[in-house]
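Below you'll find the structure, written out as structure tokens, and then a few comments.
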Amino acid sequence: MATVKIELPDGSVREVEAGSTPYDVALGIGEGLARQAIAARFDDQLLDMSTPLENSGKLALITQNAPEALAILRHSCAHLMAQAVKELYGADVQVTIGPSIDNGFYYDFFSDKKTFVPEDFADIEKKMAELVKADLPITREEMTSAEAIELFRSMGENYKVELIEDLGETNVSLYRQGDFVDLCRGPHIPRTGILKAFKLTSVAGAYWRGDEKNAMLQRLYATAFADKKQFRAHLARLEEAKKRDHRKLGRELDLFSFSEEAGAGLVIWHPKGALLRTIIEDFERKEHLKRGYDIVMGPQILKTELWKTSGHYENYRENMYFTEIDEQGYGIKPMNCLAHMLIYKTKLRSYRDLPQRYFELGMVHRHEKSGVLHGLLRVRGFTQDDAHIICRPDQIDAEVKGVMQFVQDVAGIFGFEYCMELSTRPEKSIGSDADWARATSALKSALDDVGQPYEVNEGDGAFYGPKIDVKLKDALDREWQCATIQCDFTLPERFDLTYVGADGEKHRPVMLHRVIVGSIERFIGVLIEHYAGNFPLWLSPVQAVVVNVTDNQAEYVRKVESRLREAGIRVQSDLRNEKLGFKIREAQMSKIPYMLVVGDREMEEEKLAPRFRDGKSLDPMTVDEFIRFVADEVERFH
RNA sequence: GCUCACAUAGCUCAGAUGGUAGAGCACAUCCUUGGUAAGGAUGAGGUCAUCGGUUCAAAUCCGAUUGUGAGCUCCA
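In terms of this note's numbering, the numbers along the first sequence are unbroken and rise by one, the last being 1289.
And the structure:
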């Protein structure tokens, strides 16, 4: 009998009969391990515990707690859910695909008879639990594509037939558990009994193969974990995210609202929200001036012809709002670049004048599809911290690096981690192949030079050029697209921008579109969730509230309030006829950083007693001391 | 835009099977002057998102519209 040599992760080598399975190997090491292991990695391939090992190689057993175990477990759980659905609803539904995703898994079903509703979840979960209890073995089998097509066709599973036909393989693998069989690459756990913690979470529509021209499927979302403890931790995370939801906090903190009467996706900023915006916008202006940008402003509407010149009319029309007055068409700007082009063109530019960096906090309107709107994170009118850098080709590299540094500085100030992505030419685009290649390599080399790791998204660029996207990671480790740097050779061409070079000839400049936080609206939404509404002192719209204990101190409180306000502190006083505890509670719930308590004791000493929103308090201090204290803290955090 | 669900007082939510609405918080008035997360009493607040239909009768059933949510597709 032939033997093969199996090397284990600890370096030890076991010699086993050819055709032994990972399960056999695991059993040879220990029964506990054999029970714990759900799949195996052989060289670089993932295998089932029951796959025969015909060659020598490195074998690692994947136990339930291994990093790659969760995806396998969830994928198997998706099969379990599909099995339950088929047993419950039979021929009324067809199965399609069911992968594992970040926080769980889903399975897409087609049915024109059955519509899934959340009330079905309990039935499906119950059936899944039964199948777990039955502890069905999950087995793999291989057959030719023709046989598999025959099999699925006989079962009426047309989507599976289509999948196999498109795969174009000679052989495919199938997994079987009880009466349920599914086309699948694997690997899978050995038995259904291993699945312990799962829960259906939601139902939603999804297009077959993600294409809106295809049939709408019904997607059942669910989640699964190796054990109940991890499952509870996941639910706690969801709970935390829900508490931080900027739509909820936005209302509670009285920052902004939306109005059905005004229109969907149009933000209405309340005093505190508008103040917060103003603080961020002032910060932006200061930071841009510091880095050699010029502040400019363009009009809200520009003639339709100009949008034709820029290519927006061709490529972006369906997202634009148009209006017509005196038989002249205008487009409401969805981007800020046009006016910046016009500024550049107002005079002859020398190579010595470049780069020109035009910065605008520009309000743009885009008709986003109604279904994508989401609080502040996706709106129809928003303000970009937009700039267009018009430079010589030899300056691209330094400018891109400058922008990347800017992004990193700002991310640091707000306490975000970040990652970057490079997006290349999409199908619908303008410009020559050569320009695209140059622009793409310019961005790439800037990324490479600073040693910034990045992912590449093929075909994800803007219609006029490739881009670097920056994703911020918030306190809950969620990613948000904010900054983007886009390289554009096309617009200078279309607008015939030129500069006079050292040689006295006219040359074509290059343009970089870039935003740092992206949209002020979205960024504030992200900030609210990142800080859970507890803005750092320098951002808090209300930094302190002066609270009296009894009416006796009312006049002194008013005096303190005006002194603090004169010192530039954003302060309120709360003189309402309520008990101290009540006022403290309200101030704390509105997440005001400092509550300044004033009773007879403080009044006599001309002091105030600060208390932080986390409940900690400081020793009483004078008004001047508090003013210095606040100035220090603001200084330290930005 | 597509699929499914939802829309009752400023907010959070009750209101089987059709018979013109209720709670808590918030708000107002009064009492209370109370030292670090809710003092008490009284009161005012709703064309049940909008429009249409079915019915003797609609918050409740049906349709359309608007808005919202979860996704899909798209995106700052």
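Cβ coordinates follow ideal geometry from the N, Cα and C atoms, glycine included.
Per DSSP, what kind of secondary structure is A877 in: helix, strand or coil? In this structure, DSSP gives A877 a state outside helix and strand, which the three-state scheme calls coil.
Under three-state DSSP, which class holds F849? In this structure, F849 counts as strand in the three-state DSSP scheme.
7 Å Cβ cutoff met for L989 and L953: Yes.
Using alpha carbons as the reference points, say which of V1222, I789, P1244, R1031 lies closest to E1019. For E1019, the closest of V1222, I789, P1244, R1031 by C-alpha to C-alpha distance is R1031.
Start-to-end residues for the beta strand (DSSP E) that takes in Y1002: Neither: Y1002 is in no beta strand (DSSP E) and is coded neither H nor E.
Okay, do the stretch 793 to 805 and the stretch 756 to 774 touch, 3+ Cβ pairs below 8 Å being the bar? With the rule of 3 Cβ pairs closer than 8 Å, the stretch 793 to 805 does not count as touching the stretch 756 to 774.
Report the residue ranges of all alpha helix (DSSP H) runs contained in full by the stretch 1223 to 1279; include only those spanning at least 4 residues, in chain order. Taken in chain order, the complete alpha helix (DSSP H) segments of 4 residues or longer contained in the stretch 1223 to 1279 are 1231 to 1240, 1251 to 1255.
Can you tell which of Q1137, D1125, C1138, D1045 has the C-alpha that lies nearest to the C-alpha of R895? Minimum Cα distance to R895 is reached at D1125.
For M1055, does the three-state DSSP call read helix, strand or coil? M1055: helix per DSSP, three-state reduction.
Report, in whole angstroms, the separation of the C-beta atoms of F1146 and K996, which I expect to be a contact under 8 Å. Contact flag correct, Cβ pair sits at about 7 Å.
Proximity winner among R902, L1148, T929, A925, relative to S961 (alpha-carbon distances): Here the closest residue by C-alpha is L1148.
Using only the alpha-carbon positions, how far apart do F756 and P660 sit? If I take the Cα positions, the gap works out to 29 Å.
Can you tell me whether G1102 is buried or exposed? The criterion is at least 16 other CB atoms within 10 Å of its CB, across all chains shown. Exposed: under 16 other Cβ atoms inside 10 Å.
If you run the structure through DSSP and keep just helix, strand and coil, what is L659? Coil, per DSSP.
Kindly indicate which three-state DSSP category S701 falls into: helix, strand or coil? Reduced to three states, the DSSP call for S701 is coil.
Would the C-beta of V768 count as close to the ligand GDP, meaning under 6 Å from any of its heavy atoms? The ligand GDP is absent from the structure shown, which contains no ligand whatsoever.
Unbroken beta strand (DSSP E) run spanning V1166, endpoints: First-last of the beta strand (DSSP E) with V1166: 1161 to 1170.
Pick from A797, G807, V832 that is closest to G819, judged by C-alpha positions: It is A797 whose Cα lies nearest to the Cα of G819.
Could you give the residue range of the beta strand (DSSP E) that holds C988? Run containing C988: none in the beta strand (DSSP E); it sits in the alpha helix (DSSP H), 988 to 995.
Other residues of its chain near A1153: CB distance less than 8 Å, five sequence neighbours each side excluded: So the qualifying residues of the chain are Y1002.
For the beta strand (DSSP E) that K1124 lies in, which residues bound it at each end? First-last of the beta strand (DSSP E) with K1124: 1118 to 1124.
In chain order, what residues of the same chain have a beta carbon less than 6 Å from the beta carbon of G1295, not counting five sequence neighbours either side? In the structure displayed, the chain extends from 652 to 1289; residue 1295 sits before or after that span and is not available.
Best match in L1215, D1202, Q1194 for proximity to I930 [C-alpha to C-alpha]: Ranking L1215, D1202, Q1194 by Cα distance to I930 puts Q1194 first.
So, V1107 versus C1133, is the Cβ gap smaller than 7 Å? Contact flag unset, no.
Could you tell me the alpha carbon to alpha carbon distance between G662 and L724, rounded to whole angstroms? Taking the straight line from one Cα to the other gives about 27 Å.
Beta-carbon proximity of K1118 to T1141, cut-off 7 Å: No, Cβ-Cβ distance for K1118 and T1141 is not below 7 Å.
Helix, strand or coil for K1157 per DSSP? In this structure, K1157 counts as strand in the three-state DSSP scheme.
What three-state label does DSSP hand D833 in the structure shown? DSSP places D833 within a strand segment (E or B) once states are collapsed to three.
Close beta carbons around R1165, own chain, < 6 Å, minus the five adjacent residues each side: Residues A1038, V1054, I1136 of the same chain have their beta carbon placed closer than 6 Å to that of R1165, with the five preceding and five following residues left out of the count.
So the candidates are V1121, Q1059, F882; which of them puts its Cα closest to the Cα of E938? Checked all of V1121, Q1059, F882; the closest Cα to E938 is Q1059.
Between the alpha carbons of L704 and D878, how many angstroms are there, rounded? Take the alpha-carbon of L704 and the one of D878: they are about 30 Å apart.
Identify every residue that forms a DSSP beta bridge with P841. Answer is none; P841 lacks a bridge partner.
How many Å lie between Q1056 and G914 at the Cα? Q1056 and G914: Cα-Cα distance of roughly 38 Å.
Can you tell which of S727, G924, P838 has the C-alpha that lies nearest to the C-alpha of G844? Out of S727, G924, P838, S727 has the C-alpha closest to the C-alpha of G844.
At a cut of 8 Å, does the stretch 1230 to 1239 reach the stretch 1171 to 1191 through at least three beta carbon pairs? Contact between the stretch 1230 to 1239 and the stretch 1171 to 1191 is absent, because fewer than three Cβ pairs lie under 8 Å.
According to DSSP, simplified to helix, strand and coil, what is Y1009? Reduced to three states, the DSSP call for Y1009 is strand.
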